[in-house]
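Remarks on the structure that follows.
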Amino acid sequence: MKVQIIVTHLLGTGHLSRALTLARAFQAAQHQVQLISGGGTAQQLNTADLDFVQLPALRSDGVDFTRLLAQDGTVSDAAYLQARQDQLVKNVHDFNPDILITELYPFGRRSLKAEFLAALTTARALPQPPVILASIRDILAPPSKPKKAIEADAIIDQYYDAVLVHSDPKTTALNLSWPVSPALQAKLRYTGFVAPPAPNLHPQKAGSGEILVSAGGGNVGDALYRAALSAAQATPDLTWRLLIGGSDATARIQEYRSVGSPAIVERARPDFRQMLRHAEASVSMCGYNTAMDLLQTGLPGVLVPFDAGNEVEQSLRCEALSNLPGFTTLRSADLSALSLTKALTQVRRAPAREIDTTQFDGAAQTVKIACDIARNEKRSV
62 MKVQIIVTHL LGTGHLSRAL TLARAFQAAQ HQVQLISGGG TAQQLNTADL
112 DFVQLPALRS DGVDFTRLLA QDGTVSDAAY LQARQDQLVK NVHDFNPDIL
162 ITELYPFGRR SLKAEFLAAL TTARALPQPP VILASIRDIL APPSKPKKAI
212 EADAIIDQYY DAVLVHSDPK TTALNLSWPV SPALQAKLRY TGFVAPPAPN
262 LHPQKAGSGE ILVSAGGGNV GDALYRAALS AAQATPDLTW RLLIGGSDAT
312 ARIQEYRSVG SPAIVERARP DFRQMLRHAE ASVSMCGYNT AMDLLQTGLP
362 GVLVPFDAGN EVEQSLRCEA LSNLPGFTTL RSADLSALSL TKALTQVRRA
412 PAREIDTTQF DGAAQTVKIA CDIARNEKRS V
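And the structure:
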């Protein structure tokens, strides 16, 4: 089958990373896949093995997801957004998918409603319309107003055949973070957690015995990194390595190196997941993909949820993970070199965490569920 995935990451790169994992799972099952990305470039993510389409890039202005910046950092204007929409519509029309998957929309990316609706309308008008599916993570940003959930329900009812929820309902059901109406409940399909295969050992054993500090692929994490730089000065017996992502990574690396901390400071690396296999502990935010990495490797972790701009997704995820051995949550308001050092000591002394590999086959289950829906749809026509 021909499978088309549409994703736009605006702050970090987690949405794109998860979409890439799904794309490779469909490709491994011998389906023809095209992934369309509307976010910025992510150097640490490999896209070379896929039919990868880059729209004119957008990113949010920090946590203001209504103010969208173009590739050059200026506020995107109507012409720029129209160019994105025109290219997206053309790709949907030309690729003519059997399965079309939108990542996050319509549960988020409301500022890009026009282009998503244009793509959905184009897909529904094709001679043989595709099965249309939404792909969402375990925990969503709860709607700030009831009408947002009502609007999402209406769009799902009009365009979507099912909603793929990448979690286990026994641990993180969607209604923990989103109001699930009876109509929406009927369209939910839980896939299990989506993660790439567990990382192999690093060939050079990079990261051995280190404290790995990361904040994803966006321009965030300054408070976390600064606390880690100070904590590294207070713990000369430990090796700290800070991995910096985002479009301003070069400037931030220079700034962090200038403070005189013994910590290693470098750009986010494509071999990060392999480094986790050798590290002493992790200090990180708690996005979906980071949580999967820590669960797959069993590495102890201090979790500092991203909570700027009234964000609650990562805090909710931290609540669930903190019940497991080797995890502790440190709120950004409580973050300091001392609190970070104490939390790190706590997780390093915790008993080892068991790893259940069956939790992470959500990509393969997504392929099966999507293809079953598409085959059933064809039989009913």
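Numbering-wise (the numbering used here), the sequence shown opens with residue 62 and increments by one. Glycine included, each C-beta is placed from N, C-alpha and C at the ideal position.
By DSSP's assignment, L304 forms a beta bridge with S275 and E327.
When secondary structure is reduced to three states using DSSP, A109 falls in the coil class, being assigned neither helix nor strand. Judged by their CB atoms, P323 and C347 are not nearer to each other than the 8 Å cut-off. Around the beta-carbon of Q91, fewer than 16 other beta-carbon atoms lie within 10 Å, marking it exposed. Collapsing the DSSP output to three states places V241 in coil.
In the DSSP assignment, Q95 forms a beta bridge with Q65 and D112.
The Cβ atoms of L364 and T390 lie closer than 8 Å to each other. The Cβ-Cβ distance between R414 and G359 falls below 8 Å.
Classified as buried, G306 has 16 or more neighbouring CB atoms from the shown chains inside 10 Å of its CB. For S121, the three-state secondary structure derived from DSSP is strand.
Rounded to the nearest angstrom, the Cβ distance from V224 to R198 is 12 Å, too far for a contact under 8 Å. Here H154 is exposed: its Cβ has fewer than 16 other Cβ atoms, across all protein chains shown, within 10 Å. Looking at the DSSP output, D422 sits in a beta bridge with V255. Straight through space, the alpha carbons of D138 and I200 are spaced by roughly 31 Å. A direct Cα-Cα distance of roughly 18 Å separates H227 from S242.
When the five nearest sequence neighbours on each side are left out, the beta carbons in the same chain lying within less than 6 Å of the beta carbon of S196 are those of I162, E164 and L225, in order along the chain. The residue from F333, R170, L173 and T82 with its alpha-carbon nearest to that of P264 is F333. Listed in chain order, the non-local C-beta contacts of H70 below 6 Å within the same chain comprise H76, L77 and G100, local neighbours out to five positions each way being set aside.
Within a 10 Å sphere around the beta-carbon of T127 sit fewer than 16 other beta-carbons, which makes this residue exposed. A223: not part of any alpha helix (DSSP H); member of the beta strand (DSSP E) spanning A223 to V226, first to last residue. Scanning its chain for C-beta atoms nearer than 6 Å, with the 5 sequence neighbours on each side dropped, one finds around L401 the residues A288 and A292, in chain order.
For the set L290, A202, P257 and R120, the Cα lying nearest the Cα of A398 is the one of L290. By alpha-carbon distance to V192, the top candidate from Q219, P203, L262 and S393 is Q219. Classified as exposed, G321 has fewer than 16 neighbouring CB atoms from the shown chains inside 10 Å of its CB.
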